[in-house]
Amino acid sequence: MTWWSVIRFLHVTSAALWVGGQLTVSLVVLPLARRLLDTGQRARVLREVGRRFGMFTGAFFLPVQVSTGIAMAVHKGVTWESLTYPGYGRTLSAKLLLFVLVMVAATVHGWANGRGMAVFARSMAIAALVGSVGIVLLATALPVT
Amino acid sequence: MLAWLALAALATLTHDHLPAPRWLLIHVFLLGAVTNAIVTWTEHFAIALLRRGEPSPWVRPVRLAALNTGVAAVLYGATYGPVRLGIAGAALVVGVIGWHVAILVSWSRRALGGRFAHVVAWYIGAGAALVTGGTLGGLMLAAWPPGTSSTRLQAAHVHVNLLGWVGLAVLGTLFTLWPTVLRTQVAEGSGVIARRSLRLAVPGLAVTVGGFLGGARWVAVAGLLLYAAAAALALVPFLRTARRRPPHTPAAWMLAAGTAWFVVAVLADLSVVATRPADQVAHGIEPLVPFTLVGFAGQTLLGALTFLLPVVLGGGPAALKRNAALLERGWIIRLAVVNVAVPLIALPVPGRVSLIAWGFVVAALAAFVLLAAVTVGRARGPRVSPTVGGVAVGLLATAVAVALALSDGRGVTPAAKLAVQDNGAGVRTVEVTLANMRIMPGTIEAAPGTRLVLRVTNRDAQQHDLRLATGQRTPMLGAGQTATLELPPLAGPIDGWCTVPGHRAAGMTMRIDVKGTGRAPESGMDHSGRTDHMATAPGVLNLAAPMSPGWRPYDATLRPASGGTEHRMEIHAVRKDIEVAPGVRQRMWTFGGTVPGPVLRGKVGDVFTITLVNDDTMGHGIDFHAGSLAPDVPMRTIRPGEHLTYRFRAEHAGAWLYHCSTMPMLQHIANGMYGAVIIDPPNLAPVDREYVLVQGELYLGQPGGTEQVSKMRDGRPDAWMFNGTAAGYDHAPMTARPGERVRVWVVAAGPASGTAFHIVGAQFDTVYKEGAYLLRPGQGDGASQVLDLAAAQGGFVETAFPEPGHYPFVDHDMRHGEAGAHGIFEVTR
């Protein structure tokens, strides 16, 4: 157990919270809210849930993910060039690409919700969720060192 | 149609990985997108203009299915084989268009004479052009009739399809489409002009095609001039309309730009055709074809679609306006980008610039396809639930990322400056260079468990690849291309080599060793096939055995030079199984399917224009000793499917060798790629019989295989051959009558040994060797017994046989003479 284990722990836990949070909202909160609350209440609750989750993302998840990710990459000796190598390098760059796409989808989701484009916002939220699971898949595919 | 357009964009992006990049690209676009568009729209307009009812409901789906089956068969069959599938596809396409033309003809016969019936006549002309062009294409695929020049066929095929099928259909459509797009009246008198110009254009095209097929340059030029005049006349109403109502919509601008490039293309084509012989036209217009495709056909198609798609989708004026607005999004940028890129595609600019130009074109095309797909989807498509849509988008993004992660480096990546490099993950990158029949470095040593990444770059002029014993391999790399191989953790030694036939045996091998257990590559599998035992021919071959039934000797009779001073020939480099000794067939590398290749003959001062077509799967070149020129360009190696033109003036007399100029020449010559050029000395006296014998060595075994090549290196042929068959003329003697003067030209092709040519029982009174007479009748009482030639030398001898009998001719180096360099003159009254 070294300090690097702690960093890795933060990275994994934060990711688990984010993916788990999305799953909870989509599979637990949303259906229940639809069933139990009337239209006005539902809109308010869901807006608040979204705002909180957005705050969690911006204030905790993103800073932790990016800083611990960069720290581990530097520690491991990943260079810009090695990101193009087949194997570890390419898997890592694919994971980063998908991460960027997911963040874009999440941002678009928030923006669309604010403009009342509910259907589009919903499809972006689901795209972000599926993409996040894809990131986990790629993370498990990174060769252990 | 949209699908074909998307495929064209995709094919452009991936063209480096496709087996026949340019051909496939052009045909995906023209046969796929453009032909479908023309068939659909010409029928649509014909119905509208002739005020016909819709055809039976089964006609369209059946025609569409048949046409696209044909197109797919052509594309697949010609690229991946079997060729017969491609030919059948061409026949199907021609049949479908023929059917389409027949329908149009019957309609216009029975038409009541709509105001714009003349346009349909253009469509009929266009269809007839494709029937001709498609037939020519099919003939090219079938290489039939034998002996026709494929370059002439190609020139005719390109012209009739581009200027006829595409050109006539577009020009005809513009008569009505152009005023419609500009939302104005059709110009006065355009009907008369349409009829007159078509009457010029069709004969013009027919004359052009005839000129190309007949190899008559000026006939083709005359036809093209006629066609250009017709096009100019047909564009008069176009200009009049534009002057009255300048283009103001995106569709109009695209059509105008497309038409402008059409004019440029026709003029450029005229200058190309006028400045070179018919055989070189196909090569000369090569850069013009993509230019015409993008500038003219592509833009016109996109312009027409921009206007017509909203009309077809319909849905009332509001929907029409909305759809049009969506389709026209960013049109100014797209138009500008494409029209800046179009000239860059055709002009000889640096590779990077033309790559960027192509990138712009593809981006503009992709943008249109995307916009069109969205428009169609919005107008027609069912609504997708947000859940399904979201999951689809997420899965797509994940799939792209996973594909990127799993990409194994087989793709060709741009070269980077990278030396041997270690990084934290136990990965080591090694630069590997392929050049001069060597793989550098020849040995790589690495610690056990190292994950090697080989960045393989081909620094040679010809193609190479690298294959490892583990089965991993790079794609075939062209000059300057790089690919990456990622190896699993190193466990044991791995051998690597180039898979181009003969290159491994020529020394293109490498070895990866585990540190500490290394062995030099010389002790590897390179030598495993080598033995010290001399495998001499008599022990292996039975030269007295009968030849197989149906075998025919290479005709040694030398015909007089043709009367002209210009000689043209097309020679195809092909692999062929040939009976090289009684009952023994060997896969030979040949010029024109025979060993030796075709014999060329002429006089001093004659000009030879040879087109070499590479029908093999490996690179080849040609070197004519009879000409004197800088080797750089004409003797270059051309890749499979390419052709080159080699033009030389025979300044000096002699019996000259020609041979393949591609390294390793030892293998290319030893496997049969040689032939003779006979340039008569001035005042060469006529004789009763003239023969030519090209002597070569025979190496049996897998061509280019280690075993065969080591025999070549050691100079241990399995046999010697006159004209490609060991002891062939023992079984099919050459003939003469007593007292006749017989002249025998001899060329020693080697690659290693020369000859000591002798006719048993005869004496030579004339000996000509390497450009000079060593002996002529009347110079004293002497005579000669042997014409001695080193490898690649040539000459002739003359004699008269005194009486009937069987006179053996041999290479009097008896190692050769008793191992196949042997034949018989049968002299009878």
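Protein chains in written order, with my numbering: chain G, 76 to 220; chain L, 3 to 831. The C-beta atom is built at its ideal place from N, Cα and C for all residues, glycine as well.
Where residue i meets chain G, residues with beta-carbon distance less than 8 Å
i: L:A453; result: Note that residue 453 of chain L is Arg in the sequence shown, not Ala. Per Cβ cutoff of 8 Å: G162.
Residue from the options whose Cα sits closest to the Cα of residue i
i: L:A508; options: L:A821, L:S712, L:G480, L:Q697; result: L:S712
i: L:L202; options: L:A284, L:A232, L:V265; result: L:A232
i: L:M571; options: L:L165, L:W658, L:F610, L:R354; result: L:F610
i: G:G164; options: L:R554, L:A632, L:L406; result: L:L406
i: L:P705; options: L:H670, L:Q474, L:R219; result: L:H670
i: G:L121; options: G:R197, G:G206, G:A134, G:V139; result: G:R197
i: L:H645; options: L:I335, L:S192, L:G286; result: L:G286
i: L:A463; options: L:G473, L:P443, L:N438; result: L:N438
i: G:L102; options: G:H184, G:I201, G:G189, G:R119; result: G:I201
i: L:V96; options: L:I28, L:N70, L:G136, L:V61; result: L:G136
i: L:R112; options: L:T757, L:A785, L:R53, L:T445; result: L:R53
i: G:M147; options: G:R109, G:V87, G:A216, G:A134; result: G:V87
i: L:H29; options: L:V314, L:L164, L:H102; result: L:L164
Proximal chain G residues relative to residue i, where beta-carbon distance stays under 7 Å
i: L:G391; result: S198
Terminal residues of the beta strand (DSSP E) in which residue i lies
i: L:R570; result: 568-583
i: L:I826; result: 824-829
i: L:R457; result: 453-460
i: L:M835; result: Lying before the first or after the last residue shown, residue 835 of chain L is absent from chain L, which here runs from 3 to 831.
i: L:A672; result: First-last for L:A672: 667-672, but that is the alpha helix (DSSP H), not the beta strand (DSSP E).
Nearest-angstrom Cα separation, counted from residue j out to residue i
i: G:L112; j: G:R127; result: 19 Å
i: L:R324; j: L:R331; result: 11 Å
i: L:I49; j: L:R117; result: 13 Å
i: L:V211; j: L:L32; result: 19 Å
i: G:T159; j: L:A471; result: 25 Å
i: L:L307; j: L:A253; result: 8 Å
i: L:T613; j: L:Y770; result: 30 Å
i: L:R440; j: L:G707; result: 16 Å
i: L:V601; j: L:G677; result: 6 Å
i: L:V788; j: L:N544; result: 27 Å
i: L:T134; j: L:A75; result: 19 Å
i: G:S142; j: G:G96; result: 21 Å
i: L:A751; j: L:Y731; result: 18 Å
i: L:H535; j: L:W747; result: Here L:H535 scores only 33 on pLDDT, less than 50, and its place in the model should not be relied on; the value that follows carries that caveat. When rounded, the distance between both Cα atoms is 36 Å.
i: L:M816; j: L:H760; result: 11 Å
i: L:S530; j: L:E709; result: Residue confidence is low: L:S530 scores 33 on pLDDT, short of 50, so the model does not pin down where it sits. No coordinate-derived value is stated.
i: L:L173; j: L:P239; result: 11 Å
Interface residues of chain L facing residue i [CB-CB closer than 7 Å]
i: G:R190; result: Near G:R190 there are no residues of chain L at all, since even the closest Cβ is about 15 Å away, more than 7 Å.
Run of the alpha helix (DSSP H) containing residue i, from where it starts to where it stops
i: L:W167; result: Premise fails: L:W167 is in no alpha helix (DSSP H) and is neither H nor E.
i: L:Y125; result: 119-144
i: L:F610; result: Where L:F610 is concerned, there is no enclosing alpha helix (DSSP H), although the beta strand (DSSP E) it sits in stretches over 609-616.
i: L:R246; result: 238-246
i: L:H733; result: 730-733
Cross-chain neighbours of residue i in chain G, by beta carbon under 9 Å
i: L:V597; result: Chain G residues near L:V597: none, gap ~45 Å exceeds 9 Å.
i: L:P450; result: The contacting residues do not exist; L:P450 stays about 17 Å from chain G at best.
i: L:V183; result: What L:V183 touches in chain G: nothing, since even the nearest Cβ is about 34 Å away.
i: L:P388; result: A193, V194, F195, A196, R197, S198, M199, A200, I201
i: L:V429; result: S157, Y160, G162, Y163, G164
Closer than 8 Å at the beta carbon, the chain L residues around residue i
i: G:G95; result: Neighbours of G:G95 on chain L: none; closest Cβ ~17 Å, over 8 Å.
Close-in-space but distant-in-sequence residues of the same chain around residue i (CB under 6 Å, 5 per side omitted)
i: G:W93; result: F136
i: L:H733; result: M549
i: L:F293; result: I347, A348
i: L:A92; result: V76, G136, G139, G140
i: L:V339; result: F362, A366
i: G:Q140; result: S89
Residues near residue i by beta carbon distance below 7 Å, same chain, minus five either side
i: L:R831; result: R739, P740, P806
i: L:G305; result: A253, M256, L257, G260
Cβ neighbours of residue i in the same chain (closer than 8 Å, five flanking residues each side left out)
i: L:T567; result: G604, K605, G607, D608, V609
i: L:V85; result: G79, L143, A144
i: L:V107; result: I126
i: L:T182; result: F309
Beta-carbon neighbours of residue i, restricted to chain L and to distances below 9 Å
i: G:A202; result: G391, G392, V393, A394, V395, G396, L397, L398, A399
i: G:G209; result: G396, L397, A399, T400, A401, A403, V404
i: G:A216; result: V404, A407, L408
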